[in-house]
Amino acid sequence: EAEAKAQKEAEAKAQKEAEAKAQKEAEAKAQKEAQEQAKKEAEQVKVADATKAETTKKTAVKDENKQKRKAEEEEFRRRAEEAARQKAEEQARKAAEDAKRYADFEDDNFSDDDVDDYSDYHLTSSYAREAENEEERRNENRGRGKKVAKAKKNNRDEESSKNEREANRRNNQQQNAKGKKSNRKSALQQGFTKPAQPVTRDVVIGETITVGELANKMAVKATEVIKTMMKMGAMATINQVIDQETAQLVAEEMGHKVVLRRENELEEAILSDRDMNAEAEPRAPVVTIMGHVDHGKTSLLDYIRKAKVAAGEAGGITQHIGAYHVHTPNGDITFLDTPGHAAFTSMRARGAQATDIVVLVVAADDGVMPQTIEAIQHAKAANVPLVVAVNKIDKPEADPDRVKTELSQYGVISEDWGGDTQFVNVSAKKGIGIDELLDAILLQAEVLELKAVKDGMATGVVIESYLDKGRGPVATVLVQSGTLNRGDTVLCGLEYGRVRAMRNEIGKEVKSAGPSIPVEILGLSGVPSAGDEMTVVRDEKKAREVALYRQGKFREVKLARQQKAKLENMFSSMTEGDVSELNIIVKADVQGSVEAICQALLELSTDEVKVKIVGSGVGGITETDATLAAASNAIIVGFNVRADASARKVVEAENLDLRYYSVIYDLINEIKAALSGMLQPEFKQEIIGLAEVRDVFRSPKFGAIAGCMVIEGVVKRHNPIRVLRDNVVIYEGELESLRRFKDDVNEVRNGMECGIGVKNYNDVRVGDQIEVFETVEVKRSIE
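Shown next as structure tokens:
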């Protein structure tokens, strides 16, 4: 027992020692690993420091090389400029020396006597003297016949001596004159030697110039300029007007230096003559409402204005820009309502440029649509902040979160999602969320800190313009700074005039309009283009000069572009062949609609049919329009306008196509249908029957006759056919005979037997298939 106990204790002791040893080994191992880890980390830090030092060194070397290269470039440029300057001075010195040498030579060699001799030489030439001598001889011969024989002998002696003396004198004169002539010729050659290098001139070019004027300024022949233009791929005539860019390329190509001239000094002087002393004051924000067609833009604005404008619009779509100044409890806001239809792209772009904030209306049940995306692009291009109004949330299928998700794909992210765009849920029908929308607009305006000078000469932009039958040209103007008063002289693009009357959006007469106020003005010389800048000027005479200058420039530039387009398209139109053209005259009630319709119609053109806008304008259809339509065989399109009595008479007499529209959808669809009718039809082959050859008979009259079973459709006589063998076409022709038993028939239907004779083909075999088809005309349409 004691032994067992001792053994047990020995085992326990051994076990404890083993555990202690194992623990010590583990600690030693851990310590060793820790030391290795520390060593490794130290090495990594050392490597990192070395890498960093090397990178810093490389960067320093790189910067030093860069500075060195820059210094070398500067030194090279300085040397080149110095060399060019020295060369120019040397050339100028040489030219001065040559001129002085030539002047001295002329003074030394060409005295007055020489000039007299030279002129005498030209006046009495050898030919003239020969003629005089011949005349003298004739006279002497006539006189000699009347004298006696004795006198005849004496006269002959005298005459011979006289002739001898005359011949000697003439020879001496000719030799002297020849010497002088050769001297003069050599002098001329020495004085007018051809320059060693071509003369470089500074050519001053305005906005437009004719080819002849350009040639004169470069001191070369017009033919040389035309040759150079032809080498550059442009055809021109001597009187053709070319634009500044083309003229610059031609002049530089011919080795001359071009100086581009600004021709609008008067314009700049008038526009810079402003009252700039007044301080800027806070102004109302200008808000443009944008969005897709029928998403509720006008209805939303109606609720804000408490007026029903949308109900009176044709087809329920806006086709003009509406400008409205609205008083709200929290402050004034000016709204611009733009069309959402695809054709009115230019109007939306103008609205975005004239505005401070864009309210993007998106229907909660419809989501993001093409014009919604386009409105976002316009707003971003003009750098204008967005406020999104999610409309129609009262509908059961409305999903505002879907709108947020879709808009986030185009960079419009809600404030709830960490973006900077305010989203407001509204219902224009029930008035939900309208106050919140107005608060969001005014908050955005506060952030923008909008200010403008209130006192002083007004500037603004033309939002819309049209020709009123009773009042003349009418322009809707948004004042951007200053105050526009009745009686002010204004300059609007190509037009000018004195403001005779001003009306606000409800038609009430007003005497003045400050910043952010839209008004209709009367008294302009013509209808300005929408988007033109409106400026008040001090002097009406100067305003007229600037307007006439702009009109002249506009005509010249337009003519230059037309000439360029004509010449560029000459060869392409030759290769295209005949292209059908649909001539159209467009008349509309406002300028913006004319632009939109013309653009939409021109986009319908294809390679085969083209739309050509023969004429366009604002106002009713006149007799001139009808006469032009008769001369050019054009369709007259009236958009919200009508023809007068004289125009209707011409339309009836000439049987012209006159169409009225109030919705742009209808106009585009009808013109598209007319263009589709002008397209060449397509021809399509349709299989109408299939027969299988079961047996072949020989006929002395028709050759090989195929005994067939019609397995699909119907087989008709005189239709084109194809013979198929193993589903491969081996012959294409037509049926010569079609019989059922012994009777000739016109057609055989499915499931019936017949005999078929194929014209000019006898290699018909059992198992072949005969496919019968017909050619059908398919009408094409423009997509």
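Per the UniProt record's numbering, residue 1 is the first one in the sequence shown, and the count goes up by one each step.
Idealized CB from N, CA, C, for every residue including glycine.
- For glutamate 603, there is no enclosing beta strand (DSSP E), since its DSSP letter is neither H nor E.
- In this structure, the straight-line span from the alpha carbon of valine 728 to that of asparagine 760 is close to 19 Å.
- Nearest C-alpha to valine 637 among Arg648, Tyr661, Ala630, Asp644: Tyr661.
- Under the DSSP assignment, tyrosine 665 falls in the alpha helix (DSSP H) whose first and last residues are 664-678.
- Taking C-beta separations shorter than 7 Å and ignoring five residues to either side along the sequence, the partners of glutamate 682 in its chain run Val778, Arg780, following chain order.
- Unbroken alpha helix (DSSP H) stretches of 4 residues or longer found wholly inside the stretch 619-656: 623-632, 645-654, given in chain order.
- Classified as buried, methionine 229 has 16 or more neighbouring CB atoms from the shown chains inside 10 Å of its CB.
- Note that the C-beta distance between lysine 716 and glutamate 771 is not below 9 Å.
- Judged by beta-carbon spacing, valine 611 lies within the 9 Å limit of isoleucine 671, meaning their Cβ atoms are closer than that value.
- Taken through DSSP and simplified to helix, strand or coil, valine 728 comes out as strand.
- For isoleucine 238, same chain residues with a beta-carbon under 6 Å away, outside a window of 5 residues either side, are Val211, Gly212, Ala222 in chain order.
- The continuous alpha helix (DSSP H) containing alanine 375 extends over residues 370-381.
- By the neighbour-count criterion, in which a residue is buried when 16 or more other Cβ atoms sit within 10 angstroms of its Cβ, proline 396 is exposed.
- For a cut-off of 8 Å, the C-beta gap from isoleucine 304 to isoleucine 434 is around 6 Å, short enough to register as a contact.
- Per the C-alpha coordinates, the member of Ile756, Ile688, Asn133 positioned closest to methionine 709 is Ile756.
- DSSP, read as helix, strand or coil, puts isoleucine 226 in helix.
- A Cβ-Cβ separation of about 6 Å places alanine 428 in contact with asparagine 391 under the 8 Å criterion.
- Under the three-state reduction of DSSP output, methionine 254 falls in the coil class, being neither helix nor strand.
- Scanning its chain for C-beta atoms nearer than 6 Å, with the 5 sequence neighbours on each side dropped, one finds around leucine 667 the residues Tyr661, in chain order.
- Between the alpha carbons of alanine 501 and valine 359 lies a gap of roughly 32 Å.
- Between the stretch 328-335 and the stretch 279-295 there are three or more C-beta pairs closer than 8 Å, enough to call the two in contact.
- Glycine 689 is positioned such that its CB atom lies closer than 9 Å to that of valine 714.
- Put simply, of Arg93, Glu509, Lys430, Pro400 the residue whose alpha carbon is nearest the alpha carbon of aspartate 416 is Pro400.
- For alanine 475 against serine 465, the beta-carbon gap comes to about 4 Å, under 8 Å, which counts as contact.
- Counting C-beta pairs closer than 8 Å gives three or more between the stretch 529-547 and the stretch 490-508, which meets the contact rule.
- Rounded to the nearest whole angstrom, the C-alpha separation of glutamate 74 and isoleucine 226 is 41 Å.
- Rounded to the nearest angstrom, the Cβ distance from leucine 522 to glycine 472 is 7 Å, consistent with a contact under 8 Å.
- Closest option to lysine 231, judged by alpha-carbon separation, among Glu54, Leu249, Ser525: Leu249.
- Distance between histidine 718 and glutamine 680, taken at the CA atoms: about 26 Å.
- Glycine 617 and asparagine 669 have their C-alpha atoms roughly 21 Å apart.
- Residue pairing from DSSP places asparagine 583 in a beta bridge opposite Lys612.
- Apart from sequence neighbours up to five positions away, the residues of its chain that approach leucine 628 with a beta-carbon distance below 6 Å are Gly615, ordered along the chain.
- DSSP places asparagine 216 outside any beta strand (DSSP E); the residue lies instead in the alpha helix (DSSP H), whose first and last residues are 211-218.
- Within its own chain, the residues whose Cβ lies closer than 6 Å to the Cβ of tyrosine 731, once the five positions on either side in sequence are excluded, are Val723, Tyr761, listed in chain order.
- Residue state for threonine 237 is assigned as coil, using DSSP reduced to three classes.
- Per the coordinates, the alpha-carbon of alanine 215 lies some 47 Å from the alpha-carbon of glutamine 67.
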